[in-house]
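K.L.:
For the sequence shown, the tail end lands on 252 under the UniProt record's numbering, and the numbers increase by one without skipping.
Below: one structure in structure tokens.
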Amino acid sequence: DEVGLDYLEIRDLTVQFDGFTAVDAVDLTLIQGRVHFLIGPNGAGKTTLVDAVTGLVPATGQARYRNQNLLAMRSHRIVRAGIGRTFQTATVFEQLSVLQNLDIAGGVHRSPFALLRARRGVPSYVADALETVGLADLRDKPAGVLAHGQKQWLEIGMLLVQDAKVMLLDEPVAGMSAEEREETGALLQRIGKERTIVVIEHDMDFVRSFADVVTVLHAGKVLTEGTVAEIQASPEVQEIYLGR
Ligand code: ADP
């Protein structure tokens, strides 16, 4: 029993597009303190599952978090309930500084005048996020000049200032150097202790290094779930990846 831990419980989650079932009766329990990876071939339904949980596509079933069914909520309410996500392409405000990006993200829970206040000093939750994602030295640079990896870290920092307890990250290390991947993995493990982290990922080396739990989706369904070793030993997983 996981008493005291936060968790997101997905039950019978189904998403249909014009009669095509992209996510098919998925059950998934995502528990705080673990880095969960969601893997599976292209078209398996990984992004659609995350879209459903964050209110971007309609879905049936349940996604229960702290006694609320996220599937019945609008996306801005879902963000306020503590669910945050990133997209494959970083969505930072390129002309604004790193600090301003974080301050705007913090505005989700705080006053709309946060940007004005930021000129008078950096709130501690923003300073903490800058430190955690390793961008303190770049705080006054326009986000547009950041390297690809740094933009992904800024997005994760934006989720931290939003106070996201559940973070759904869509291929955060795609396009990163080996060194940036290592740093990202270490960052996820650090922030994952107090949060529920779910990562969609294709890079199996990254999954092997940093996964606590792996769920394999295939054709909209959960094919199997377990540790990396369990997943790799699964004949069904070998079959879908090797195409035999
Ligand atoms: P993955 O993230 O695992 O690669 P997706 O969730 O992107 O898979 O897609 C799952 C399936 O749903 C795919 O067959 C895709 O073509 C389909 N799909 C995704 N979004 C839409 C949409 N808006 N309309 C119709 N079909 C979609």
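Note that beta-carbon positions come from the ideal geometry of N, C-alpha and C, so glycine has one too.
1) Please report whether the beta-carbon of residue 39 lies at a distance below 8 Å from any beta-carbon of chain C.
2) Identify which residue in 34, 16 and 242 has its Cα closest to the Cα of residue 69.
3) Measuring straight from C-alpha to C-alpha, what distance separates residue 80 and residue 149?
4) Just list the residues that DSSP pairs residue 77 with in beta bridges.
5) Can the beta-carbon of residue 144 be found closer than 8 Å to that of residue 92?
6) Can we say the stretch 214 to 230 touches the stretch 19 to 37, given the rule of at least three CB pairs closer than 8 Å?
7) Residue range of the beta strand (DSSP E) that residue 233 falls in?
8) Compute the Euclidean distance between the alpha carbons of residue 189 and residue 201, then round it to the nearest angstrom.
9) Would you tell me roughly how many angstroms separate the C-alpha atoms of residue 111 and residue 158, rounded to the nearest one?
10) Between the stretch 175 to 187 and the stretch 135 to 144, can you find at least three pairs of beta-carbon atoms closer than 8 Å?
11) So the beta strand (DSSP E) residue 19 belongs to, where does it begin and stop?
12) Based on the DSSP secondary-structure assignment, which residues constitute the bridge partners of residue 176?
13) From which residue to which residue does the beta strand (DSSP E) around residue 29 run?
14) What residues in its chain sit with their C-beta under 7 Å from that of residue 96, if we drop five residues either side in the sequence?
15) Would residue 205 pass as a contact of residue 84 if the rule is Cβ separation under 8 Å?
16) Following a CB-centred definition, is residue 50 positioned closer than 7 Å to any heavy atom of the ligand ZN?
P.N.:
Straight from the coordinates:
1) Of the protein chains in the structure, only one exists, and it is not chain C.
2) The count along the sequence shown starts at 1 and reaches residue 69 at position 61. Considering only alpha carbons, the answer is 34.
3) Residue 80 sits at position 72 when you count from the first residue of the sequence shown. Residue 149 sits at position 141 when you count from the first residue of the sequence shown. Going from the Cα of residue 80 to the Cα of residue 149 covers about 39 Å.
4) One-based indexing of the sequence shown puts residue 77 at position 69. Among the bridge pairs identified by DSSP, residue 77 is matched with 72.
5) Stepping through the sequence shown from its first residue, residue 144 is reached at position 136. Stepping through the sequence shown from its first residue, residue 92 is reached at position 84. Contact: no.
6) yes
7) To locate residue 233, count along the sequence shown from 1; it is residue 225. Segment 229 to 234, the beta strand (DSSP E) holding residue 233.
8) Locating residue 189 in the sequence shown gives position 181, counting from the first residue. Locating residue 201 in the sequence shown gives position 193, counting from the first residue. Between residue 189 and residue 201, the C-alpha separation is close to 19 Å.
9) Against the sequence shown, residue 111 aligns to sequence position 103. Against the sequence shown, residue 158 aligns to sequence position 150. Roughly 17 Å separates the two Cα atoms.
10) As far as the Cβ criterion goes, the stretch 135 to 144 does not touch the stretch 175 to 187, which means the pair count is below three.
11) Counting from 1 along the sequence shown, the entry for residue 19 is found at position 11. 15 to 25 is the extent of the beta strand (DSSP E) around residue 19.
12) Here the question's residue 176 lines up with position 168 in the sequence shown. Answer by DSSP bridge pairing, in chain order: 93 and 206.
13) By one-based count along the sequence shown, residue 29 stands at place 21. Where residue 29 is concerned, the enclosing beta strand (DSSP E) stretches over 28 to 39.
14) For the purposes of this step, residue 96 is taken as residue 88 along the sequence shown, with counting starting at 1. Within the same chain, residue 96 has close Cβ partners 178, 179 and 182.
15) Reading the sequence shown from its first residue, position 197 is the one you call residue 205. Reading the sequence shown from its first residue, position 76 is the one you call residue 84. No, Cβ-Cβ distance for residue 205 and residue 84 is not below 8 Å.
16) In terms of ligand content, the structure shown lacks the ligand ZN and carries the ligand ADP instead.
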